[in-house]
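Residue numbers (this note's numbering), protein chains in the order written: chain A, 228 to 493; chain B, 228 to 493; chain C, 228 to 493; chain D, 228 to 493.
Protein chains: 4
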Amino acid sequence: MPTHFGPSLGPRQGPNGRTFDCKNAPKTREYSISFLTNASQLEAMLPEGFELAGEPVVTVEAVYMTEIQWLAGHGYNLLGVSFPATFNGKQDHVTGRFLTVLWENLADPIFTGREELGFAKIYCELPEPRVYEGQTHCIATWKGYKFMDMKIDNLKQLSEEELKASQNAPADDGILHYKYILRTGDWHNADVSYAVLTPSYTPNRVVKAKWQGQGTVEFHKSLWEDLPTTYHIVNAFAELEIKEYREATMLKAVGAKDLNDQRILQ
Amino acid sequence: MPTHFGPSLGPRQGPNGRTFDCKNAPKTREYSISFLTNASQLEAMLPEGFELAGEPVVTVEAVYMTEIQWLAGHGYNLLGVSFPATFNGKQDHVTGRFLTVLWENLADPIFTGREELGFAKIYCELPEPRVYEGQTHCIATWKGYKFMDMKIDNLKQLSEEELKASQNAPADDGILHYKYILRTGDWHNADVSYAVLTPSYTPNRVVKAKWQGQGTVEFHKSLWEDLPTTYHIVNAFAELEIKEYREATMLKAVGAKDLNDQRILQ
Amino acid sequence: MPTHFGPSLGPRQGPNGRTFDCKNAPKTREYSISFLTNASQLEAMLPEGFELAGEPVVTVEAVYMTEIQWLAGHGYNLLGVSFPATFNGKQDHVTGRFLTVLWENLADPIFTGREELGFAKIYCELPEPRVYEGQTHCIATWKGYKFMDMKIDNLKQLSEEELKASQNAPADDGILHYKYILRTGDWHNADVSYAVLTPSYTPNRVVKAKWQGQGTVEFHKSLWEDLPTTYHIVNAFAELEIKEYREATMLKAVGAKDLNDQRILQ
Amino acid sequence: MPTHFGPSLGPRQGPNGRTFDCKNAPKTREYSISFLTNASQLEAMLPEGFELAGEPVVTVEAVYMTEIQWLAGHGYNLLGVSFPATFNGKQDHVTGRFLTVLWENLADPIFTGREELGFAKIYCELPEPRVYEGQTHCIATWKGYKFMDMKIDNLKQLSEEELKASQNAPADDGILHYKYILRTGDWHNADVSYAVLTPSYTPNRVVKAKWQGQGTVEFHKSLWEDLPTTYHIVNAFAELEIKEYREATMLKAVGAKDLNDQRILQ
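Structure (structure tokens):
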């Protein structure tokens, strides 16, 4: 929508029907922290048809992008929360990271991402991180209320060999989503309701450098008055027990894909 | 989306399932300019099943809202472009204003409005108007690029009688929309594709005061580099011939509705 | 600065040397809360030559302005903290409110206000208040960190007579400031160091309506990492004992003055 | 100001009196375009005591900074316009770049820079550049009005040797400014009025990489209504004849200095 002005524009369609190869662009800086929590807390977040895969390890990722082709070279930022899960459908049996929610700080990719791809994208402000004396501090706010602090310290850069090794890790099938669109006027039923996969194959993405360190992430318990559209989501994360922090990393990469290969799982 | 954190929150659902009566809130200031253009230019914007109703008069409306209940008292702004149209379905024959596009300056109402209601909402910045020596100047920008200027002058307040008379004008059936959601991975087909009506009945809305004046509105011819997601929409308006300006008004109102009565047209 | 492009522009000088009468503009909404604290805590904030006048009652005011003439009709917002004080100079003996600090959310009036007038203006974000079920909530943030919450409830509008009476209160001499500009390269000395008065006479300001209620104000204890330029100021307020809340008001006014009558105290 | 909360904080003074070495931080990306214009047009911008030095070549620089120590690791952006000039005082005879104006997108460094250092800093929005298919596009806006476009193409990275050679260029004496602070209430006189030098010596600044290309820069002729505080400055640049473009460069650097060595010229 609107559809009545000619083909709509977005990541998979530029002016005059052109597409974007996402080679050498966008540029991304990605900060990631993982922690072990309780399986039962994560299972409560899984839609029907999904189950936990392996250890209940949550990953929180903050990504800062520039030079995005379909935005004519503008950038935007993301904050995602995911954990390993398997979808067992009638036909498809795939394992990957279930992306429970993805905050973005620009509306345009939110609604195309929701409607075309089934990503659970919502909005917040994601200002440029603060980097001071070896610590990187990422925050997320909405209308002046800060609901997340992520801090990473002691980043040590991987050698060429370590970087290569880290990329040879067995890939999973991709990112798992659940697309759900309400039916207008029929508020308890859906027009759309199906699982979706972002296949992991992304040949144009190149990790240029990677760092490992330690970090913490904190979602702040919030009131409806603080976050009237999303406090229940933030609180679900605030309530997760952090049994043990795992990896904290930073990486710089170039390239992506247009997600033209996004597909419905059955 | 996400649906797996409990019932999602929005205009039609607050915490613990509460609803919002929209009585005495929100508060709105509304600036509106109409002009006569060519029927053929407007017909090109109509989805199948719709036709022009009466004179080809376009209305551009800039609305500044505060004290919105479902946002716990925050506000946001809107810019809409509409013209009179009739939908002739198998079952429904309704006449109202076809809302070709509605820009909003906050992401949260954009995606609920698109998905739940079928409004053609997209994003831009809509700063507070500039008011100087009797002229109000509203603008719309996206990432620093200004694509619209609306100016209203010579506002004269209606008397109590004139205000009452202006509200007794025969109401139409409401606002017409076309909801359209692509099918993931099947990029030429839709999951959702139907006409939608916002019925005009809104008993809790009260116009407190109204002014009439003269004005102009200008959409600026834009490049893909200026507005990579929406230049085709802005250019469709930039190309509209302005044969004659009609009414320019400002009004202040309180109250609205939660649009729970939005319905699919068949 | 810069001075080499012709006369600089600001509140006291428009294009072609014109001035601004500030009649019927700007429009302001003003929220104010007062509380009793310890005299010794306020005395610590007073520059030489100043002393407390009467009870140690602090007033925190949040002001939202639109239609400012010298900004061609744009607006901006303010947050000030003041208390009654007397300046005893060699020549001048005046009593008024000492304005310890004035946050503003636009840079342009900050530097003209500091340099031309001696106001202790600094910067923060001051978003439009949130108004929900009778409560108004004003906040102040800097780069995503919220350092103040002010909440006002139970606002009851004054009658015409009460409004008139409230304006007949004996006026003080005005607002007291201390202008201080460092000498470049000589970091322990000042180029400028003197007390300043904003005389209270402002004939073009008209209070249109006033409300009284109850409220609270909280400055949050902050770290240098939170507010690297102002944490010491915010903490000075966070540490103030609140012995008793006094008046909480809202008012709407039009008109102001260009502060051309600002004068040095000797 | 305010001075009554203890020592104020800024680039030359952190918490507990600490200073900042500016080694390895901040990180800067700098885009620069030079062009030949008319000597007489530049001479009109020079305060008394200054004269043009050599060719009338204007340089417009857009700088994007992150990891600033005195801001606890936050960043901000700058846009400066300068040309070569000599100051001939009673005592000092120095040649460098006269910085006619420096826009910054954060208020805090603007007022310390103006008052402590005499930089002609003013405010505007300076969003992250748009980089698309080899072109970098920097813009400057104020309240939604865009007054400058700078575009750089065809950037080719210098080799190690070329980079070294480019840094061996004979340095000038530094950056020249004119500090001017009005006297309160005495609107035609100044409290402060003197020339200032930023000495060029900055040992902790290291240029990591440099690129050369072609570019254009355009300041847009503006009305008072567009830029009520700065239209005369923007128009002075809009009116400059561009006889010939010179160098266009991008560079990445780390390190700076705290400008503690800023000094008055006599």
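Even glycine gets a Cβ: it sits at the ideal position worked out from N, Cα and C.
Between A:R357 and the set D:I295, D:E282 and D:Y291, the nearest pair of CA atoms involves D:I295.
Here B:E387 is exposed: its Cβ has fewer than 16 other Cβ atoms, across all protein chains shown, within 10 Å. At a cut-off of 7 Å between C-beta atoms, B:R341 counts as an interface residue with respect to chain A. Following the DSSP letters along the chain, one finds D:I337 inside the alpha helix (DSSP H) bounded by residues A334 to T339.
The beta carbon of A:R490 sits closer than 7 Å to some beta carbon of chain B. A Cβ-Cβ contact shorter than 7 Å links C:A334 with D:I337. Think of a sphere of 9 Å around the beta carbon of B:E352: the chain D residues whose beta carbon falls inside it are G371, in chain order. Using a Cβ-Cβ cut-off of 7 Å, D:T456 does not count as an interface residue toward chain B, since no Cβ of chain B sits closer than that to its own. Assignment of C:Y350 by DSSP, reduced to helix, strand and coil, places it in the strand class. Among the CB atoms of chain A, none fall inside 7 Å of the CB of D:A271.
Nearest neighbour of B:I349 by Cα position, chosen from A:L492, A:G482, A:E474 and A:P229, turns out to be A:P229. Less than 7 Å separates the beta-carbon of D:G345 from that of D:V423.
Less than 7 Å divides the Cβ of B:N332 from the Cβ of B:L353. Contact annotation: B:G401 and B:V433 have beta-carbon atoms that are not nearer than 7 Å. The beta-carbon of C:V290 is placed no less than 7 Å from the nearest beta-carbon of chain B. Going by C-alpha positions, A:R239 is about 18 Å away from A:H231. Exclusion of the five residues before and after A:V287 leaves I260, V308 and V444 as the residues of its chain whose Cβ lies within less than 6 Å of its Cβ. Contact check for D:K370 against C:H364 fails: the beta carbons are separated by 7 Å or more. Within the same chain, and ignoring the five residues on either side of C:P311 in sequence, the residues whose Cβ sits closer than 8 Å to its Cβ are L279, A280, G281, E282, V284, T322, G323, R324, F325 and D399.
Distance from the CA atom of A:I491 to the CA atom of A:N416, rounded to whole angstroms, is 19 Å. Contact between A:Y372 and A:L454 holds: their C-beta atoms lie close to 6 Å from each other, under 8 Å. Distance from the CA of B:G233 to the CA of A:G276, rounded to the nearest whole angstrom, comes to 17 Å.
Counted as a single uninterrupted DSSP element, the alpha helix (DSSP H) harbouring D:I460 occupies residues Y458 to A465.
One thing to note: D:Q362 has its Cβ within 7 Å of the Cβ of D:K378. A direct Cα-to-Cα measurement between C:E270 and D:L403 gives close to 41 Å.
In terms of CA proximity to A:D380, A:Y258 leads the group A:E471, A:L236, A:Y258 and A:T368.
Here B:N462 is buried: its Cβ has 16 or more other Cβ atoms, across all protein chains shown, within 10 Å. B:L236 belongs to the set of residues whose beta carbon lies under 7 Å from a beta carbon in chain A. In this structure, DSSP gives A:W451 a state outside helix and strand, which the three-state scheme calls coil. Less than 7 Å separates the beta-carbon of D:K435 from that of D:K479. Leaving aside the five residues that flank D:Y458 on each side, the residues in its chain whose CB is nearer than 8 Å to its CB run, in chain order, S449, L450 and W451.
Just so you know, the alpha carbons of B:Q318 and A:L305 end up roughly 44 Å apart. If you ignore the 5 residues before and after A:Y421, its C-beta comes within less than 8 Å of the C-beta of G345, Y405, K406, I491, L492 and Q493, all in its own chain and listed in chain order. When DSSP states are grouped into helix, strand and coil, C:G281 belongs to the coil group. According to DSSP, A:Y428 shares a beta bridge with no other residue. Counting along the chain, D:Q394 sits inside the alpha helix (DSSP H) bounded by residues E387 to Q394.
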